[in-house]
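Student:
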Amino acid sequence: MNTAFHPADLAGIQVRPSRLWTQSLGWILFAVGIALYAQFSIARHKENPEDRVVPSAQQLIQGIKSAALESAEEDDPVDANAPLIERFSHSMLWKDTLSSSKRFLIALVLLIPAILLGLHMAVFPYFGALCLRFVTFFDKIVALSLLPILFIVFGIEEWSKIALMVIGVAPTLILDTFNIAKGVPREQIVKAFTLKSSDIDVTYRIVLKQVLPQIINSVRLNLKPLALFLFAGEMIAATDGLAYRIALMRRHMGMDIILPYVLWVALLLFLADAILRFTNRRLHPWYQPL
Amino acid sequence: MYRILSGSRSLSSGILAAVFLPVLLFVLFCAPRAYAAPPTFTVGWSVYAGWNPYFYMARSGILKKWADKYGIVIKVQRFDYAASLDAFVAKNIDACTMTNMEALDMPAAAGVDSTSIIIGDYSNGNDAVLARNNLSLSQLPGKPILLVQKTVSEYLLERAMVMNGLEGQLPKLKLLNTSDSDIVGAYLGNKGNQVAVTWKPLVSEILSQDSGVKPLFDSSKIPGEILDLLVVRSEVLNRPDGSGAKFAKAITGAWYETVAQLTGSGPDTAKALSGSAAASNDTVASYKEQLKTTFLFSSSQSAAKFATDAALKQKMDLVRQFCFRHALLGQNIKSVDDVAILYPDGSVQGKKERVRLRMDATYMQMAAQGKL
């Protein structure tokens, strides 16, 4: 039943906004943000037409063009008349994305053992007793402060950055997996044993199977810390990568490149999150979070 | 029941606070404005042998003496180097210490018209290319080189290659952008890192901890190219009420009094040295060692002479060409002449209508003539 909209509804709990309302309300804050930025930028450009701190739309478009279509400074120049795809594949944006994604994916893969560790800690009491206190302690270590040690152990190139990401995120993920797996009712495990399950069956076919969707959600929440550690590593020592470029551009206030990069990173993280969410729903249609 | 009551009580006190706090803050911050406050200027500085004296200058009361003489207030604030430049470009501070290179590629290239009023010193060995295993410059291509890219470190490395006839090898250098906070640990921790370019005191730290590391090239071979300046926003300097000029006179006067103490031999020298060393938590011995490779213009005469010398233009040209080659002047700057430099003799390097950096010797000359 569609009743007329009443202003008092805005503060009500018992209301059901129409589709049109929910769709359009979602964009309002974006519009406000863009408007505030534009106003700020216009004001600054009125005072100083060459302002680089809050670039204008024109400067941003120019920045996006040079980031996505011109070859990186350290690369050979590419023909300006080449097809767009070829120009994009030589651009600094693409090269930086590739090298950052590589690090990101390797770190993600290396987090799988962390998940299994948490699972085993929850299921096998002796193993849990051995690891839990140490992991809880290690979780409180601020990974960034270990960086000088990581440089010495892993060298300054790829592995120290990946190690930083894994060390930063793994303990949290282990503890989260541990807690989630502990939440599986004891009765189910007893029941499985009465049906002649082995230890391995219980671990992987009873516990892991039903906690996996929650673990994937935990990984989704950890994507941002992962990106944060990747950025920290790339800003401190790197020859390529998204954060490397941002660090370089900061040296001369290249906000016209930095802002598109920041939005691009946000989009990539959003996509990674969406892929995990989609996979989760396909793999576990029975899992209905509240 | 009790919890609900106490909850609502704290809520009402919260509302009270929310109403009265802004009022209180308003009264606190606006009341002093009722008086005619003297014009206030903020100078940002960052840790560096040639800039540490600003800390001592403010602590010792020399600055206050000069500021009082001109009826103004000068505040001195310490920043990280990059943050000080950001604050200067964002117009949060009025003056800032920076190298000639950053003066070009940060404020000037961002359209903030800037004037250098004091040439404090030049790096005379403070910046160095370090290498292990007795490598020579011609062996650098292909080896990872640790440095903070797009700074004087990269400039020094390029100059080293060019001066040794290795210009063609430049594209083959493999640069590894490494933050200055971690470069010492990263370089010393791994023998595979053979080359690093950095500045003092980091250079001294590396050399003292690893005897296998040798300096290959340092800034004493390019004297006067890496300048350390005090830069003021031109709009502040040229304020119609004249307060900007008063500020320039006061800080220049205070600077040369401080430097005279620092480089002299009187009883104040020890105090000035320890006061400046304290600015970066250095020992006096370490600070003295840094000063040895810093060519501090000990008198306003020598600084003014350097600023008005024709050789300055050639040196600045090398720096601005470097900035342009590395797109440090902005992605959309199509010509090196778009960020022009004005010299004390009135000549302009670049397009006359696009002067962004002014090398001003006026105040150094006034100090030299004792007119401050």
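Protein sequence lines correspond, in order, to chains A and B. Read in order, the letters of the first sequence are residues -15 to 274 in our numbering. Read in order, the letters of the second sequence are residues 1275 to 1646 in our numbering. Don't be surprised by glycine CBs; every beta carbon is placed ideally from N, CA and C. Computed from a prediction, not measured in an experiment: that's the story for all the values here.
Any chance the CB of K175 of chain A is under 8 angstroms from a heavy atom of the ligand GDP?
Tutor: In the structure on display, the ligand GDP does not appear, and there are no ligands present to speak of.
Student: Taking a contact to mean a Cβ-Cβ separation below 9 angstroms, would you say A1460 of chain B touches D35 of chain A in this structure?
Tutor: The answer is no: Cβ separation not under 9 angstroms.
Student: Taking all protein chains shown into account, do 16 or more other C-beta atoms lie within 10 angstroms of the C-beta of Y1355 of chain B, making it buried, or fewer, making it exposed?
Tutor: Answer is buried; the Cβ neighbour count reaches 16.
Student: Suppose the cutoff is 8 angstroms on Cβ atoms and the five residues either side in sequence are ignored; what does the same chain contact list for I1392 of chain B look like?
Tutor: Here the set comprises L1503, L1504, I1525, T1526, W1529, A1577, Y1637, M1638.
Student: What is the residue span of the beta strand (DSSP E) that I1615 of chain B lies within?
Tutor: Taken as a continuous stretch (DSSP letters only), the beta strand (DSSP E) holding I1615 of chain B covers 1614 to 1616.
Student: From A106 of chain A to I158 of chain A, what distance separates their C-alpha atoms?
Tutor: Distance between the alpha carbons of A106 of chain A and I158 of chain A is about 10 angstroms.
Student: Checking the sheet assignment: what are the DSSP bridge partners for C1370 of chain B?
Tutor: Note: C1370 of chain B sits in a beta bridge opposite B:G1318, B:V1505.
Student: Closer than 9 angstroms, CB to CB, is V1386 of chain B near chain A or not?
Tutor: It does: the Cβ of V1386 of chain B has a partner Cβ on chain A nearer than 9 angstroms.
Student: Since I believe T1314 of chain B is in contact with V1347 of chain B (beta carbons under 8 angstroms), could you give me their beta-carbon distance rounded to a whole number of angstroms?
Tutor: Between T1314 of chain B and V1347 of chain B the Cβ distance is about 4 angstroms, and since that is below 8 angstroms, they are a contact.
Student: Would you tell me roughly how many angstroms separate the C-alpha atoms of P1514 of chain B and E1376 of chain B, rounded to the nearest one?
Tutor: Distance between the alpha carbons of P1514 of chain B and E1376 of chain B: 28 angstroms.
Student: Please name the residues in the region 1417 to 1431 of chain B whose beta-carbon is closer than 9 angstroms to at least one beta-carbon of chain A, in chain order.
Tutor: Here the close residues are P1418, L1420, V1422, Q1423, K1424, T1425.
Student: Considering only residues of the region 1468 to 1502 of chain B, which uninterrupted beta strand (DSSP E) runs meet the minimum length of 3 residues and lie entirely inside it, listed in chain order?
Tutor: Qualifying beta strand (DSSP E) stretches, in chain order: 1469 to 1473, 1488 to 1492.
Student: Taking 9 angstroms as the cut-off, decide whether the C-beta atoms of R1507 of chain B and K1365 of chain B are in contact.
Tutor: In contact: R1507 of chain B and K1365 of chain B (Cβ atoms closer than 9 angstroms).
Student: Would you please verify whether the beta carbon of G1604 of chain B is less than 9 angstroms from any beta carbon of chain A?
Tutor: Interface residue, yes.
Student: Starting from the beta carbon of T1373 of chain B, find every residue of chain A whose beta carbon is closer than 8 angstroms, and list them in chain order.
Tutor: In chain order: nothing, as chain A lies at least about 12 angstroms away.
Student: Once DSSP output is grouped into helix, strand and coil, what is the label at F111 of chain A?
Tutor: Here F111 of chain A sits in helix by DSSP.
Student: Give the secondary structure of T1636 of chain B by DSSP, where H, G and I count as helix, E and B as strand, and everything else as coil.
Tutor: It is helical.
Student: Which residues of chain A have a Cβ atom closer than 9 angstroms to the Cβ of L1450 of chain B, listed in chain order?
Tutor: Result: I140, E141, A221, A222, T223.
Student: A221 of chain A by DSSP, collapsed to three states: which one?
Tutor: If DSSP states are grouped into helix, strand and coil, A221 of chain A belongs with the strands.
Student: Rounded to a whole number of angstroms, what is the C-alpha to C-alpha distance between P1306 of chain B and Y1344 of chain B?
Tutor: In this prediction, P1306 of chain B has a pLDDT of 47, which is less than 50 and means its spatial position is unreliable; nothing more can be read from the coordinates.
Student: Is it the case that the region 195 to 203 of chain A contacts the region 46 to 60 of chain A, given that we only count it when at least three CB pairs across the two stretches are under 8 angstroms?
Tutor: Because the criterion of three Cβ pairs below 8 angstroms is not met, the region 46 to 60 of chain A and the region 195 to 203 of chain A do not touch.
Student: What three-state label does DSSP hand I18 of chain A in the structure shown?
Tutor: I18 of chain A falls in the helix class under three-state DSSP.
Student: Give a yes or no on whether 9 angstroms exceeds the smallest Cβ distance from A1581 of chain B to chain A.
Tutor: Taking Cβ atoms only, chain A never reaches closer than 9 angstroms to A1581 of chain B, which makes this a no.
Student: Mind checking the region 1497 to 1523 of chain B against chain A and listing, in chain order, the residues whose C-beta falls within less than 8 angstroms of any C-beta there?
Tutor: So the list is empty, because no residue satisfies the distance condition.
Student: Is there at least one Cβ from chain B nearer than 9 angstroms to A231 of chain A's Cβ?
Tutor: Yes, because at least one Cβ of chain B sits closer than 9 angstroms to the Cβ of A231 of chain A.
Student: Quickly, what does DSSP pair Q1351 of chain B with across the bridge? List them, please.
Tutor: In DSSP, Q1351 of chain B forms a bridge with B:G1318.
Student: Can you tell me the Cβ-Cβ gap for L1476 of chain B and D1454 of chain B, rounded? I've got them flagged as a contact below 8 angstroms.
Tutor: Confirmed, about 7 angstroms.
Student: Any beta carbon of chain B sitting closer than 9 angstroms to that of I136 of chain A?
Tutor: Answer yes: the Cβ-Cβ gap between I136 of chain A and chain B drops below 9 angstroms somewhere.
Student: Can you confirm whether the region 106 to 118 of chain A touches the region 243 to 255 of chain A when touching is taken to mean that 3 or more C-beta pairs between the two stretches lie within less than 8 angstroms?
Tutor: These segments do not touch.
Student: Give the DSSP-derived three-state secondary structure of G1394 of chain B in the structure shown.
Tutor: It is a strand residue.
Student: Leaving out five residues before and five after L1447 of chain B in sequence, what residues of the same chain have Cβ atoms less than 8 angstroms from its Cβ?
Tutor: Around L1447 of chain B: L1414, P1415, I1419, L1431, M1435.
Student: Give every residue of the same chain whose Cβ lies closer than 8 angstroms to the Cβ of S1560 of chain B, excluding the five residues on either side of it in the sequence, and list them in chain order.
Tutor: Once the five neighbours on either side are set aside, the close Cβ partners of S1560 of chain B are P1475, S1478, A1551.
Student: Rounded to the nearest angstrom, how far is the Cβ of L1570 of chain B from that of T223 of chain A, given a contact under 8 angstroms?
Tutor: Their Cβ separation, rounded to whole angstroms, is 36 angstroms, which puts L1570 of chain B and T223 of chain A out of contact at 8 angstroms.
Student: Taking 8 angstroms as the limit between beta carbons, can you name the residues of its chain near Y1276 of chain B, skipping five residues before and five after?
Tutor: Low per-residue confidence applies at Y1276 of chain B: pLDDT is 42, beneath 50, and the placement is therefore not dependable enough to give any value.
Student: What residues in its chain sit with their C-beta under 6 angstroms from that of V1317 of chain B, if we drop five residues either side in the sequence?
Tutor: Here the set comprises V1350, A1369.
Student: Using a Cβ distance threshold of 8 angstroms, determine whether the region 175 to 194 of chain A contacts the region 112 to 131 of chain A, with at least three qualifying pairs required.
Tutor: No, because fewer than three Cβ pairs between the region 175 to 194 of chain A and the region 112 to 131 of chain A fall closer than 8 angstroms, the two stretches do not touch.
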